[in-house]
Amino acid sequence: MTTSDAGGVLSLGWLLIAAPLFGAAVLLLGGRRTDKWGHLLGTAMPALSFVVALVQFIALLGRDAEDRAVSSRLYSWIEVGGLKVDVGLLLDPLSMCFVLLVTFVGTLIHIYSIGYMEDDRDRRRFFGYLNLFVAAMLLLVLANSYLVLYVGWEGVGLASYLLIGFWSFNSSYAAAAKKAFIANRVGDFGLSIAIMIMFVQFGGVSFDEVFGAADGASEGVLTAIGLMLLLAACGKSAQFPLQSWLGDAMAGPTPVSALIHAATMVTAGVYLVVRSAPIFNGAPDAQLVVVIVGAITLVFGAIIGCAKDDIKKALAASTMSQIGYMMLAAGLGPVGYVFAIFHLLTHGFFKAGLFLGAGSVMHGFNDQVNMRRFGGISTVMKITWVTFGLGWLAIIGVPPFSGFWSKDKIIESAFEGSGWQPWVFGLTALVGAGITAFYMTRLFFMTFHGERRWTDEVHPHESSLIMTVPLMVLAVGSALLGLVLGPTGWIQDWLAPVVGEPAEESSVLSVAVITTVALLLVAAGVALAYAMYLRQRVPVTAPVGSVLTRAARQDLYQDTVNEALLMRPGQYLTRSLVYVDNRGIDGAVNGLAALVGGTSGRLRRLQTGFVRSYALSMFAGAALVVGAMLLVRL
Amino acid sequence: MNPMNYVYLSALLFSIGASGVLLRRNAIVVFMCIELMLNATNLAFVTFARMQGNLDGQVIAFFVMVVAAAEVVVGLAIIVTIFRTRRSASVDGANLLKY
Amino acid sequence: MTTSGQLLAAATDTGTGEAVTFWLLGPIAVLAALGVLFSKKAVHSALLLAATMLCLAVLYLAQDAPFLGVVQVVVYTGAVMMLFLFVLMLVGVDSADSLVETLRGQRIAALVAAVGFGGLLVSGLGDAVVTNKGLKQANADGNVVGLADLIFSRYVFAFEVTSALLITAAMGAMVLAHRERHEEKVTQRDLSIQRFRGGQHPAPLPGPGVYARHNAVDTPALLPDGSPAEVSLSRVLIALRVPGAITPPTGEVVRTEDDGA
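Chains as they are written, first to last, in the working numbering: chain A, 279 to 912; chain B, -15 to 83; chain C, 2 to 262.
The structure is reproduced here in structure tokens:
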């Protein structure tokens, strides 16, 4: 589609980013003075962005389908040699989806945080960081060049670090923040390499330049760029092999987990892949790798989720798995891009709702997270129970809730094509759906049903309105959003101009068969969870469990592998470098100093104090002078 | 006979005097060796005067003698003064300016 | 030997008389200088240096420098060397250098340096252009007149400065030799009191052999009671204890004819 210049309300793209950035600046620079009203300003800014985004969305709707890409250049940033980068914004259907999601869900979570962080004396700083995150995320999705996207990319990474380690007085939380940042860094490295390749091969890094040149580029170059972009996406979206940080990131306050590590930041990787569609379309090998990574992560997250007793970590594993679905879809090419984004949007609603619901439960349990100490609160926390239940139904894919529409479409797309791929990936997606149903139902039953397993000092109670209203809104979204966007075909029509029309492919299994099998697997998963966790008593202490259970509790030994493969060799390398530095370089420098010192120590012995030795040196000098004169004359 | 023989003799006496300065420890003997060196140079000057055919060399030798005399006076006075305090005339006694 | 070499040799020939003088006195001077270097006793060094200087004086005379030759003897040998000897007496004539060298390697280094220096000089001098004009013309009015001509015309400034130097040196010597009087000057009365208070022999000691038959230095004096006084002999003779050196005095009193009555 052609890119037109902005006019009217569509030129206010900068305001979307500037409002939360302004909020962050005021709250973080203002300090304690802004404590009284800081949270209100912090909530108002994303709300303002949402209103502006809504108006722009309506304006775009009013245009023709081919006319919906609007670019606005803000200012010239880099002009060095052959590299010319302008800071500019691109409003098109894809970025509008993200902007609306981020601002809407973000505003709801801000409202929720007013209540959730009420007792924390650093609430103002929290809102400052949240605003910073929203600004960076909006810059990421609105950028019209890879380099500006990178700025937003780094910004969200920074905000994530600050927010995970928000309670930095706890050293394990601070370590979790570090872990997240370092794992992200590996991905950022991939993005830098990709941008460098783009500059070398295509001469520019803006979307127009790169996508324009991608048509004529060689497959090798496109594959290289694609793999590097995939590496970046793995880091940001916690995909295999960079997934180890997401579980530990639950150390941050629950609104952070909801906003960043469920709805928005972790989806930035999917955005990157879908936005780079022209590159991936020209590199089938890279696409295959993307699908494989998605499939592996899907199963990985699902297995881990089955064994976690910490409600937040179970939800984190679920996030990892669902983003695996999105990656799988994005790797399938034009046939899957739309559904990846569709699932991203629905997932944003129901996962945020699930996390906020978990936060509400924790609030009632004095911030405990162990599900083995929950149970039977469906009668005590009714609103939380209903909203959480709607989210649960959405995520396991029960029609007519939103998860069913988006996830089913992904599974159908996975079965399209020929050869071994449809079978492997399709079946993986199906099995994943079954396991998802199992562990999410386990979570739901352990938390809200069964016998009451809490201790005496805990008094579960429903949360205040300011926390339950966002829950309700998100629950409505979880329930209805899929219905509105999916079966009507609206989302396909909306995004098709950006990601391209899929080629007609035949599916190895018919849609009816796939849907039926999927629903059967979901039912089986629910039934199994019912049998294990509702019919039987849930033990308060975790039983030893099978080998797989123990492995899943240890996150399938991901930390062990990371340590053995990366951390220890890295430490060894740094230790040897330090050794070389100490012995070699310092040795050379100190050796030189010692040499000079030693030489001077020897030389000063010439100063014996005896007149006769001085006379000797004078005489020898005189002899040398005479010799030199004779030598000159010879 | 080549008049340069006188100059060779002067060089030889000068070397002997120089080695005496380096080797003897008695301050007065060192001083005497310095006088020997001065005498050697005097001989060379006189020979050069004779070789050149003018008296400039002799005048210089004369001045050298005068200066040597003055130097001996002051030098021996110094040695006597040092001897009064140190009770020893060894040049190795003044060795405090060492490393 | 080529003709030019012969000519060169002839042009620079000094004459046999001078050659004999040189070859006689030169080695003596060198040997005396070596003696200065190697003598154990400082007094020997001083005397050998005087010998060197005398040889040099004769060599000056041989080279048509009579004034300088005489000045060498009078001033240098006569005054300066004697000054050296006086100071040697003051400092301690029997103080001998030990032959052990205290500085490591000094001997070898000094030898090498001296030989090297001498060798370099000699080799450098070997290339010199030799002339032998002689001083016949310069000494036409006499050596002293010729010297005076130069001193008081071309070198008058150096002359004036040198005389100032001499005055300064004399004053310097006086200042250095001056001993500040810290206590009161001792009067003759004080000295006398000291002498008698000490309990020692107050009168001058008798010279040797005064009351004996002989007045040789090795014959002790006799005390009033007739016993020999060891104290009248030189310590050196007693220390030497050469047998037969001390002639025992007789105990008799010498009587003459016009004594008695």
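Where a beta carbon is used, it is the ideal one built from N, C-alpha and C, also for glycine.
Please read these numbers as outputs of a predicted model, since none were measured by experiment.
Just how far apart, CA to CA, sit residue 339 of chain A and residue 760 of chain A? Counting from one through the first sequence, the residue named residue 339 of chain A turns up at place 61. Counting from one through the first sequence, the residue named residue 760 of chain A turns up at place 482. Whole-angstrom Cα-Cα distance: 19 Å.
For the ligand FAD, is there a heavy atom less than 7 Å away from the beta-carbon of residue 369 of chain A? As far as ligands go, the structure on display features none, and thus does not contain the ligand FAD.
DSSP state of residue 264 of chain A mapped onto helix, strand, coil: Residue coverage of chain A in this structure runs from 279 to 912, which leaves residue 264 of chain A outside it and unanswerable.
Let's test the definition: count the other Cβ atoms within 10 Å of the Cβ of residue 792 of chain A and tell me whether it reaches 16, buried, or not, exposed. For the purposes of this step, residue 792 of chain A is taken as the residue at position 514 of the first sequence. That one is buried.
Output yes if chain B places a C-beta closer than 8 Å to the C-beta of residue 902 of chain A; else output no. Counting from 1 along the first sequence, the entry for residue 902 of chain A is found at position 624. Not one chain B Cβ lies under 8 Å of residue 902 of chain A.
Integer Cβ distance of residue 53 of chain B from residue 176 of chain C, believed to fall under 8 Å: Within the second sequence, numbered from 1, the residue matching residue 53 of chain B stands at position 69. Within the third sequence, numbered from 1, the residue matching residue 176 of chain C stands at position 175. Your pair residue 53 of chain B and residue 176 of chain C does not check out as a contact, with CB atoms roughly 18 Å apart and the cut at 8 Å.
Members of the region 867 to 895 of chain A that neighbour chain C once the beta carbon cut-off is set at 8 Å: If the cut-off is 8 Å between Cβ atoms, the region 867 to 895 of chain A has 886, 888, 890, 891, 894 near chain C.
So if DSSP puts residue 209 of chain C in a beta bridge, which residue, or which two residues, is it bridged to? Numbered from 1 along the third sequence, position 208 holds the residue referred to as residue 209 of chain C. The partner list for residue 209 of chain C (beta bridge, DSSP) is empty, contrary to what the question assumes.
Is the shortest distance between the beta-carbon of residue 10 of chain B and the beta-carbons of chain F less than 8 Å? Absent here is chain F; the protein component of the structure consists of chains A, B and C.
Residue 33 of chain B: buried (16+ other C-beta within 10 angstroms of its C-beta) or exposed? Position 49 of the second sequence holds residue 33 of chain B. When all chains shown are included, residue 33 of chain B counts as buried.
Using 8 Å as the Cβ pair cut-off and three pairs as the minimum, do the region -1 to 16 of chain B and the region 889 to 902 of chain A touch? Short answer: they touch.
Whole angstroms is fine: what's the gap from residue 753 of chain A's alpha carbon to residue 681 of chain A's? By 1-based counting over the first sequence, the position of residue 753 of chain A is 475. By 1-based counting over the first sequence, the position of residue 681 of chain A is 403. Using only the alpha carbons, I get a separation of about 12 Å.
Counting only Cβ-Cβ distances shorter than 8 Å, please list the residues of the region 120 to 153 of chain C near chain A, keeping chain order. Residues passing the 8 Å Cβ filter: 121, 122, 124, 125, 128.
Give me the Cα-Cα distance between residue 710 of chain A and residue 356 of chain A, rounded to the nearest whole angstrom. As a working note, residue 710 of chain A is residue 432 in the first sequence. As a working note, residue 356 of chain A is residue 78 in the first sequence. It is roughly 46 Å from the alpha-carbon of residue 710 of chain A to the alpha-carbon of residue 356 of chain A.
Same chain, Cβ closer than 6 Å to residue 778 of chain A, neighbours up to 5 away in sequence not counted: Within the first sequence, residue 778 of chain A is the residue found at index 500, counting from 1. Around residue 778 of chain A: 612.
Output the distance between the C-alpha atoms of residue 258 of chain C and residue 236 of chain C, rounded to the nearest integer angstrom. Counting from one through the third sequence, the residue named residue 258 of chain C turns up at place 257. Counting from one through the third sequence, the residue named residue 236 of chain C turns up at place 235. Confidence in residue 258 of chain C is poor, its pLDDT being 42 and thus under 50, which makes the residue's placement too unreliable to answer from.
To the nearest angstrom, how far is the alpha carbon of residue 376 of chain A from that of residue 478 of chain A? Within the first sequence, residue 376 of chain A is the residue found at index 98, counting from 1. Within the first sequence, residue 478 of chain A is the residue found at index 200, counting from 1. Going from the Cα of residue 376 of chain A to the Cα of residue 478 of chain A covers about 30 Å.
Can we say the region 692 to 706 of chain A touches the region 632 to 650 of chain A, given the rule of at least three CB pairs closer than 8 Å? At 8 Å Cβ cutoff, the stretches do not touch.
Look at the alpha carbon of residue 260 of chain C and the alpha carbon of residue 223 of chain C, and state the distance between them as a whole number of angstroms. Here residue 260 of chain C corresponds to residue number 259 of the third sequence, with the count starting at 1. Here residue 223 of chain C corresponds to residue number 222 of the third sequence, with the count starting at 1. Note on residue 260 of chain C: pLDDT 42, under 50, position unreliable in the model; the coordinate value appears next. Each residue's CA atom was taken as its position, placing residue 260 of chain C and residue 223 of chain C some 21 Å apart.
Decide if residue 644 of chain A is buried, meaning its Cβ has at least 16 other Cβ atoms within 10 Å, or exposed. The residue labelled residue 644 of chain A in the question sits at position 366 within the first sequence. Looking at its Cβ environment, which holds fewer than 16 other Cβ atoms inside 10 Å, residue 644 of chain A is exposed.
Which of the three DSSP states, helix, strand or coil, is assigned to residue 732 of chain A? Walking along the first sequence from the start, residue 732 of chain A turns up at place 454. Three-state DSSP puts residue 732 of chain A in coil, outside helix and strand.
I'd like to check one pair, residue 369 of chain A with residue 288 of chain A: are the Cβ atoms closer than 8 Å? Locating residue 288 of chain A in the first sequence gives position 10, where the first residue counts as 1. Locating residue 369 of chain A in the first sequence gives position 91, where the first residue counts as 1. Judged by beta-carbon spacing, residue 369 of chain A lies within the 8 Å limit of residue 288 of chain A, meaning their Cβ atoms are closer than that value.
Residue 365 of chain A, DSSP secondary structure in three states: Residue mapping note: residue 365 of chain A aligns to position 87 of the first sequence, counting from 1. Residue state, collapsed to three classes: strand.
From residue 715 of chain A to residue 592 of chain A, what distance separates their C-alpha atoms? In the first sequence, the residue the question calls residue 715 of chain A occupies position 437. In the first sequence, the residue the question calls residue 592 of chain A occupies position 314. About 13 Å.
Buried or exposed, going by whether 16 or more other CB atoms sit within 10 Å of the CB of residue -13 of chain B? The count along the second sequence starts at 1 and reaches residue -13 of chain B at position 3. Here residue -13 of chain B is buried, its C-beta having at least 16 other C-beta atoms within 10 Å.
Can you confirm whether residue 34 of chain C, when its beta carbon is compared against all beta carbons of chain A, has any partner nearer than 8 Å? Counted from its first residue, the third sequence places residue 34 of chain C at position 33. Residue 34 of chain C does not count as touching chain A.
What is the DSSP secondary structure of residue 685 of chain A, reduced to helix, strand or coil? Residue numbering aside, residue 685 of chain A sits at position 407 when the first sequence is read from its first letter. In the three-state reduction of the DSSP assignment, residue 685 of chain A falls in the helix class, which pools H, G and I.
Helix, strand or coil for residue -11 of chain B per DSSP? Along the second sequence, one-based indexing puts residue -11 of chain B at 5. It is helical.
Does the beta-carbon distance from residue 526 of chain A to residue 454 of chain A come in below 8 Å? As a position in the first sequence, residue 526 of chain A is number 248, starting the count at 1. As a position in the first sequence, residue 454 of chain A is number 176, starting the count at 1. Their beta carbons are under 8 Å apart, which means residue 526 of chain A touches residue 454 of chain A by this criterion.
Per-residue DSSP class, three states only, for residue 355 of chain A: As a working note, residue 355 of chain A is residue 77 in the first sequence. Here DSSP, grouped into helix, strand and coil, assigns residue 355 of chain A to strand.
So what does DSSP say about residue 2 of chain C, is it helix, strand or coil? Position 1 of the third sequence, counted from the start, is the residue given in the question as residue 2 of chain C. Low local confidence applies: a pLDDT of 48 at residue 2 of chain C is under 50, so the model's placement there is unreliable, and no value is given.
Does the separation of the CB atoms of residue 764 of chain A and residue 684 of chain A fall below 8 Å? Sequence index remark: in the first sequence, residue 764 of chain A carries index 486 (1-based). Sequence index remark: in the first sequence, residue 684 of chain A carries index 406 (1-based). Yes, the Cβ-Cβ distance between residue 764 of chain A and residue 684 of chain A is below 8 Å.
Under 8 Å, Cβ to Cβ, is there at least one residue of chain A near residue -8 of chain B? Numbered from its first residue, the second sequence carries residue -8 of chain B at position 8. With 8 Å as the cut-off, residue -8 of chain B does not count as an interface residue toward chain A.
Alpha helix (DSSP H) segment containing residue 544 of chain A, residue limits: To locate residue 544 of chain A, count along the first sequence from 1; it is residue 266. No alpha helix (DSSP H) holds residue 544 of chain A; DSSP gives it neither H nor E.
If you measure between the beta carbons of residue 354 of chain A and residue 367 of chain A, is that distance less than 8 Å? Along the first sequence, one-based indexing puts residue 354 of chain A at 76. Along the first sequence, one-based indexing puts residue 367 of chain A at 89. Taking 8 Å as the Cβ cut-off, residue 354 of chain A and residue 367 of chain A do not qualify as a contacting pair.
Going by DSSP, what residue range makes up the alpha helix (DSSP H) through residue 535 of chain A? As a working mapping, residue 535 of chain A is identified with position 257 in the first sequence. Note, residue 535 of chain A: alpha helix (DSSP H), 532 to 536.
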